[in-house]
Amino acid sequence: MELHSFRPDDTYVHNRLLHLYARSGKLDDAQKLFDKMPARDVFSWNAMLSLHAKCGSVGDMWATFDKMPVRDGVSYNTVIAGFAGNGQPQKALQVFVNMHENGFAPTEYTHVSALNACSQLQGLRLGKQIHGRMVASNFRGSAFVWNALTDMYARCGEIHWARWLFDHMVDKNVVSWNTMISGYVINGNPDKCVDLFCEMQLTGCKPDQITVSNVLRAYFQCGHVIEARKLFDEIRERDKICWTTMIVGYSQNSREEDALLLFCRMLSTDVQPDGFTMSSVVSSCAKLAYLRLGQAVHVKAILVGVDHDLLVSSALVDMYSSCGVIADARFIFNTMTSRNVVSWNAMIGGYAQNGQDLEALRLYEEMLHGNMKPDIITFIAVLSSCVHANLIEQGQKYFDSISKVHGITPTLDHYACMVSLLVRSGQGDKALSLIEQMPYQPNSIIWSSILSSCATTGDIKLGKIAASHLFDLDPCNAGPYIALSNMYAANARWKDVASVRSLMKNRNVRKVAAYSWIEFDSKVHRFVSEDRSHPESDQIYEELHRLIRKLQVAGFIPNTKPVLHDVADNEKLASISYHSEKLALAFVLLKNPDGAIPIRIIKNIRVCADCHMFMKYASELIGRHIILRDYNRYHHFIGGKCSCNDYW
């Protein structure tokens, strides 16, 4: 046919234009052309189906399919793939069944889409039926189909079947290897994932970014952080997934500082972080309570345009709460365009962590009125608030509602909160009775909760019972030994103190070094008790001595009861005077004596009674807001009072 014989209204020309529009995603132009076409054939309709599927308009795709005067196998394949690719696997399988009923033979594309739908639904039974039909009809697909089968079995938990299919593949490509490697990761077999990666390299198949990302995840599941970093460093061209996987891996393995350093390196490349990356980085800032860096990351999230991403905004609420800036956390919470239970938990937990227990409970009630269903994390924050606010009846009501109202089985953490609430209110017998009624064996969480509460109430008898259980459960953990020793020392029972110390020595139990750190001038300064390693230690100690003298004039009397040694009073006084948080405070006052912003100090263990009282007096004397975060909660010292109401 000659070129001049074509006319603009020819169906062939229009179909070619429709396919061009479909390939480029120009839905509006395609629809206008389609509506004006004087004649349409099955190719015209299929082009519109493809375009709707590509644009995610599955409703319009289905409406178009329903209107088609005639259909072919491509029509069915397009709709099945469209539903499967847009998160509607159930509908994809319904169309797959209709295709069979209407006499259309499935192609490899049909099988791949149907198997993909089975993978999403974890529909092993139907997946096996599809596989069985393929075998019965002697269908021999390409690696494309075999990969889909392998993926289906892996995602449905049949990892052995997935490996059998994989081992019998004649022509494996990189997608085949990735599918099997990913299957091992999904099914919690990281060691086999790493072994298969080594096998892949021996065959000469070159791994791609997806391979590396999965292997990095496997290394983190094994706890092999060093090996993961070696693999990461060997990658020449790293994509967003590789960077994010490595950053998340560091964060999940308590290597938050490494995560932040790597994020800074990522920013120096052309790879832009996404919401998942940013949320992980923000969480690392939260764990370290690095407020200034967290604020800088927040700005970066705004510049990238992901600050309203649900993951990021929830992480920001948690970060500001964890840094003691509860007002900023609430501001972000209030401006969130959508919230899920994680968002609510972050804000409720933030209030609880910062001593605003009644506000936490009010927000919980608001959550319920908004028809948001709480989860196990919600109730940990709620019950924790009741513990620190000493709300016994309300705590019992919330505890009972976990199962009776919300249909959730209480966990050991929930029981630990209730046990702590009972012990702190002087009801140790009821606490032991509740432990006996639990459907669980009491573990270290339960006994640690009792011991911590006894340290607050001074109940040595019950504390000794809890400590003895902890000695058996985790004999190398120094925490229970120190807690019991502190209780004995507070009551001048020096023989008992010596007995506990002897037990520690015999079991080779070492005390965790207490340290505090602060952010100042874009640097982190770390202090340990009686530390003189800081380059300005002489000036710091001079500043601390001045502060101590002023506080003593104001009425501060050092509390030497926590000292674990039976020594002279002057030695006891020297022992407690240079605790790490006091040195940190002195450093800030030395560097910024008249600052208006709050002083933020982080400590890795529980603050002692003397340091707690010291900070109360200091906050009133210097007229500044002091925020001290210990391992248990935040203490906001303002005007001689603490947000914990001396109950921590």
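Heads up, the sequence shown stops at 1462 in the numbering used here, and the numbers go up one at a time, no gaps.
In this text, a Cβ means the ideal position worked out from N, Cα and C, and glycines have one as well.
The structure displayed is predicted, hence computed values, not measured ones.
*With 16 other CB atoms within 10 Å as the buried threshold, where does Y1104 fall?*
buried
*Can you have a look at V999 and say buried or exposed, based on whether 16 or more other CB atoms are within 10 angstroms of its CB?*
buried
*Is the beta carbon of V1156 within less than 8 Å of some heavy atom of the ligand NAP?*
Absence of the ligand NAP is noted for the structure shown, with no ligands found whatsoever.
*Tell me whether M815 sits in a helix, a strand or coil according to DSSP, three-state version.*
With a pLDDT of only 35 at M815, under 50, the local geometry of the prediction cannot be trusted, and the value read off the model is given with reservation. Three-state result, M815: coil.
_Here's the rule I'm using: 16 or more other beta-carbon atoms within 10 Å means buried, otherwise exposed. How should T878 be labelled?_
buried
*asked:* Given a cut-off of 9 Å on the beta-carbon distance, is the pair N1168 and R1420 in contact?
replied: no
*The beta strand (DSSP E) enclosing E1333, as first and last residue numbers*: Y1329 to F1334
*Closest to K1244 by CA distance: which of Q1210, I1146, H1220 and D1227 is it?*
Q1210
*Could you check where the beta strand (DSSP E) with K1020 kicks off and where it finishes?*
Neither: K1020 is in no beta strand (DSSP E) and is coded neither H nor E.
_For C1456, three-class secondary structure by DSSP_ = strand
*Cα-Cα, which of E915, K1278 and N961 is closest to V989?*
N961
*List the residues that DSSP assigns as beta-bridge partners of R1414.*
I1441
_Quick check: the Cα distance between N1322 and R1360, rounded to an integer number of angstroms?_
39 Å
*Report yes or no: do three or more beta-carbon pairs, one from the segment 1228-1240 and one from the segment 1190-1207, lie closer than 8 Å?*
yes
*Between the C-alpha atoms of A1143 and V1156, what's the straight-line distance to the nearest angstrom?*
14 Å
*Would you kindly report the start and end of the unbroken alpha helix (DSSP H) that includes K1187?*
Here K1187 belongs to no alpha helix (DSSP H), and DSSP marks it neither H nor E.
*Distance, Cα to Cα, L1045 vs T1059?*
12 Å
*asked:* For R1414 and T1149, what's the separation of their Cα atoms in angstroms?
replied: 26 Å
*Residues near R821 by beta carbon distance below 8 Å, same chain, minus five either side*: Only weak support exists for where R821 lies, its pLDDT of 49 falling under 50; the value from the coordinates is given anyway. Excluding residues within five positions, the ones whose Cβ falls inside 8 Å are V827.
*asked:* Let me check understanding here. Comparing Cα to Cα, which of K1364, G1018, C1268 and K1114 lies closest to L1081?
replied: K1114
*Counting along the chain, where does the alpha helix (DSSP H) carrying R977 start and finish?*
I973 to D981
_Beta-bridge partners of V1338, as assigned by DSSP_ = E1333
*Output yes or no for whether 9 Å exceeds the beta carbon distance between H1393 and D1424.*
yes
*Within the 9 Å Cβ cut-off, does T1058 reach chain D?*
Among the chains of the structure shown, chain D does not appear; only one protein chain is present.
*Should L817 go down as buried or exposed, given a rule of 16 or more other Cβ atoms within 10 Å for buried?*
Only weak support exists for where L817 lies, its pLDDT of 37 falling under 50; the coordinates are left without a value.
*With a 10 Å radius around its C-beta and 16 neighbouring C-beta atoms as the bar for buried, classify D1132 as buried or exposed.*
buried
*Reduced DSSP secondary structure (H/G/I, E/B, other) of Y1448*: strand
*Return the chain-ordered list of same chain residues with a C-beta closer than 6 Å to the C-beta of A1100, the five sequence neighbours on each side being excluded.*
D1132, M1133 and S1136
*My understanding is that A1297 touches A1328, with C-beta atoms under 8 Å, so please give their C-beta distance in whole angstroms.*
Incorrect: roughly 13 Å between the Cβ atoms, too far for contact.
*Put R1144 into one of helix, strand or coil per three-state DSSP.*
helix
_Any contact between the segment 887-906 and the segment 857-871? By contact I mean 3 or more CB pairs, one from each, below 8 Å._
yes
*asked:* Let me check understanding here. Comparing Cα to Cα, which of I1411, L834 and K1405 lies closest to G1138?
replied: I1411
*Work out the CA separation of I1216 and L1248 for me, nearest whole Å.*
16 Å
*Give me the Cβ distance between C927 and D965, rounded to the nearest whole Å; I'm assuming they're in contact under 8 Å.*
The identity of residue 927 in the sequence shown is Ser, whereas the question assumes Cys. Going by Cβ atoms, the distance from S927 to D965 rounds to 12 Å, so no, they are not a contact pair.
*Say whether the segment 1342-1357 touches the segment 1301-1320, bearing in mind that this needs 3 or more beta-carbon pairs closer than 8 Å, one atom from each stretch.*
no
*What residue does the alpha helix (DSSP H) around K927 start on, and which one ends it?*
Reading off the sequence, residue 927 comes out as Ser, not Lys. E922 to L935 is the extent of the alpha helix (DSSP H) around S927.
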